[in-house]
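**Q**
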Amino acid sequence: MNRGKRLEPGDTIGIIAPASFASSDQIEPAVTNLTNIGYRVRLGKSSFSRWHSFAGDDQLRAGDINSFFEDDTVKAIICLRGGYGVLRLLDKLDYNLIMNHPKILVGYSDLTLLHLSINQRADLITFHGPMLTSNFTAELDSETKASFEDALCFGYQPYQITNPHNQPLQKLVGGKAEGVVIGGNLTLLMSTFGTKYQPDLKDKILFIEDVKEATYRIDRMLTQLILSGMLQDLKGIIIGSFNECNQSDPEDMPLEEVFLDRLANLGIPVIANFQSGHCVPLMTLPLGALIGIDADQLTIEILEKVVD
Numbered sequence: 004m005n006r007g008k009r010l011e012p013g014d015t016i017g018i019i020a021p022a023s024f025a026s027s028d029q030i031e032p033a034v035t036n037l038t039n040i041g042y043r044v045r046l047g048k049s050s051f052s053r054w055h056s057f058a059g060d061d062q063l064r065a066g067d068i069n070s071f072f073e074d075d076t077v078k079a080i081i082c083l084r085g086g087y088g089v090l091r092l093l094d095k096l097d098y099n100l101i102m103n104h105p106k107i108l109v110g111y112s113d114l115t116l117l118h119l120s121i122n123q124r125a126d127l128i129t130f131h132g133p134m135l136t137s138n139f140t141a142e143l144d145s146e147t148k149a150s151f152e153d154a155l156c157f158g159y160q161p162y163q164i165t166n167p168h169n170q171p172l173q174k175l176v177g178g179k180a181e182g183v184v185i186g187g188n189l190t191l192l193m194s195t196f197g198t199k200y201q202p203d204l205k206d207k208i209l210f211i212e213d214v215k216e217a218t219y220r221i222d223r224m225l226t227q228l229i230l231s232g233m234l235q236d237l238k239g240i241i242i243g244s245f246n247e248c249n250q251s252d253p254e255d256m257p258l259e260e261v262f263l264d265r266l267a268n269l270g271i272p273v274i275a276n277f278q279s280g281h282c283v284p285l286m287t288l289p290l291g292a293l294i295g296i297d298a299d300q301l302t303i304e305i306l307e308k309v310v311d
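Structure representation (structure tokens):
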């Protein structure tokens, strides 16, 4: 896999808005906080643009992504926020350009689609981590900041990802596995099915998270994954944050039982309660990287360098 260069104090971070728009009163304090950490910030054209619910039209938003990858003075790219809109851009990205100008890309939620497409088509490790207006409008909490820096600044050697001290990982199914980790938001992952961006999960470790989805919908998506046959050669699963994913009816299956019922019979290790997704603190996970999981010892090890 290709890797971007490690982030260092004084480096320039480009901000792109490939999905929904954000207001200037959210952007300005977030830029200040990111600057106070020690980075220069360059806002893309989409940051203050608006077209319906999007941060500018599709051409503008895709153009920001391509131009920031091409610009070698930009060391890393962080997404403004999620929402909706990335799926509309996937055919407009220049994956050869991205492959030839590898750099750090950070985001989550709707940005799952950037991770999936760029991991596969540009052979680039990307990062499931904090976004500008979602996480930097207030001072970044210490555990989110430490995980962000572990990956982007110090990830030039293998390391272990740890959960916040008061939120331990949980064993759903025991065992060990090694494989390249891919994934992100479960709903967005499912939106790629039947398209050329549908990922190959063979020999992979799948990371999933979601927010505000009824438990029956989580059940339906996991069942679709199982029936597709895509999980047959999967090596392991990491379950991230599923904030506000509640029963829509008292008779519905609770979330933990959904995971046990759908995933326990796959014969692969499953780790739950990994704090990455729509949550605070938010642990940064390199996607497209080789990792090892031990569901008995409750460890997630990054087995290769993720930045140069």
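Be aware that the sequence shown starts at 4, since it is given in our numbering, and climbs by one per residue. C-beta atoms are modelled at their ideal positions from N, C-alpha and C, and glycine is treated no differently. Treat the numbers as computed from the prediction; the structure is a model and nothing was measured.
Name the two residues that bound the continuous alpha helix (DSSP H) containing S137.
**A** Going by DSSP, S137 is part of the alpha helix (DSSP H) stretching over L135 to N138.
**Q** Could you compute how far the alpha carbon of L204 sits from the alpha carbon of K308?
**A** Going by the C-alpha atoms only, they are around 22 Å apart.
**Q** Write down the C-beta distance between S112 and N188 rounded to the nearest angstrom, noting that I regard them as a contact closer than 8 Å.
**A** 6 Å
**Q** Classify H281 as buried or exposed, calling it buried when 16 or more other Cβ atoms lie within 10 Å of its own Cβ.
**A** Buried is the label assigned to H281, since at least 16 other Cβ atoms lie within 10 Å of its Cβ.
**Q** Nearest to N268 by CA position, among Q235, Q163, A180 and N36, is which residue?
**A** Q235
**Q** Identify the continuous alpha helix (DSSP H) that holds E31 and give its terminal residues.
**A** S27 to I40
**Q** Roughly how many angstroms separate the alpha carbons of G47 and T38, rounded to a whole number?
**A** 16 Å
**Q** Starting from H324, trace the beta strand (DSSP E) both ways and give me its first and last residue.
**A** In the structure displayed, the chain extends from 4 to 311; residue 324 sits before or after that span and is not available.
**Q** Just the C-alpha distance for V2 and N36, rounded to the nearest angstrom, thanks.
**A** With the chain running from 4 to 311 in the structure shown, residue 2 is simply not present.
**Q** Taking Cβ to Cβ, would you say N122 is nearer than 7 Å to D97?
**A** It is not a contact, given that the beta carbons lie outside the stated cut-off.
**Q** Determine the burial state of N166: buried for a count of at least 16 other Cβ atoms within 10 Å of its Cβ, exposed for fewer.
**A** buried
**Q** Looking only at its chain, what residues have a beta carbon closer than 8 Å to the beta carbon of Q62, apart from the 5 residues adjacent to it on each side?
**A** K95
**Q** Here's a check: name, in chain order, each residue in its chain whose Cβ is nearer than 6 Å to the Cβ of Q29, leaving out the five neighbours to either side.
**A** Excluding the 5 residues flanking it on each side, Q29 has same chain C-beta neighbours closer than 6 Å at T136 and T140, in chain order.
**Q** Of all the alpha helix (DSSP H) runs that stay within the bounds of the stretch 118-189, which reach a length of 4 or more residues?
**A** 135-138 and 145-155
**Q** Can you give me the start and stop residues for the alpha helix (DSSP H) that T287 sits inside?
**A** Looking at the DSSP string, T287 is not in any alpha helix (DSSP H), and its letter there is neither H nor E.
**Q** What's the gap between the Cα of I211 and the Cα of V77?
**A** Distance between the alpha carbons of I211 and V77 is about 29 Å.
**Q** I'd like the list of long-range same chain contacts for S150, defined as Cβ closer than 6 Å, with 5 residues on each side in sequence excluded.
**A** Closer than 6 Å at Cβ, skipping near neighbours: M286 and T287.
**Q** Alpha carbons only, please: which of I271, E247 and D126 is nearest the one belonging to K238?
**A** Taking only the C-alpha atoms, the option nearest K238 is I271.
**Q** Counting only the same chain and skipping the five closest in sequence on each side, list residues whose C-beta sits under 7 Å from that of G291.
**A** M4, N122, L127, I128, T129, V183 and I185
**Q** Taking the straight line between their C-alpha atoms, what separation do you get for F72 and P253?
**A** 48 Å
**Q** Pair every Cβ in the stretch 258-267 with every Cβ in the stretch 217-233, then say whether three or more of these pairs are closer than 8 Å.
**A** Contact holds: three or more Cβ-Cβ distances are below 8 Å.
**Q** List, from N- to C-terminal side, the alpha helix (DSSP H) runs of 4 residues or more that fit wholly inside the stretch 246-282.
**A** Runs of the alpha helix (DSSP H) inside the stretch 246-282: 258-266.
**Q** Consult DSSP for K78 and reduce its assignment to one of helix, strand or coil.
**A** The answer is coil: DSSP assigns K78 none of H, G, I, E or B.
**Q** Which runs of the beta strand (DSSP E) at least 3 residues long sit entirely within the stretch 197-231? Give them in chain order.
**A** Within the stretch 197-231, the runs of beta strand (DSSP E) that reach at least 3 residues and sit entirely inside it are, in chain order, 207-214.
**Q** When the distance is taken between beta carbons, is L155 closer than 7 Å to L306?
**A** no
**Q** Contact check, F57 vs S26 under 8 Å by CB: the rounded distance?
**A** The pair is not a contact, with the Cβ atoms about 14 Å apart (cut-off 8 Å).
**Q** Measuring alpha carbon to alpha carbon, tell me which of G85, V310 and E216 ends up nearest R64.
**A** Of G85, V310 and E216, the residue nearest in Cα terms is G85.
**Q** Where DSSP assigns a beta bridge to R45, which residues make up the other side?
**A** R45 is bridged to G17.
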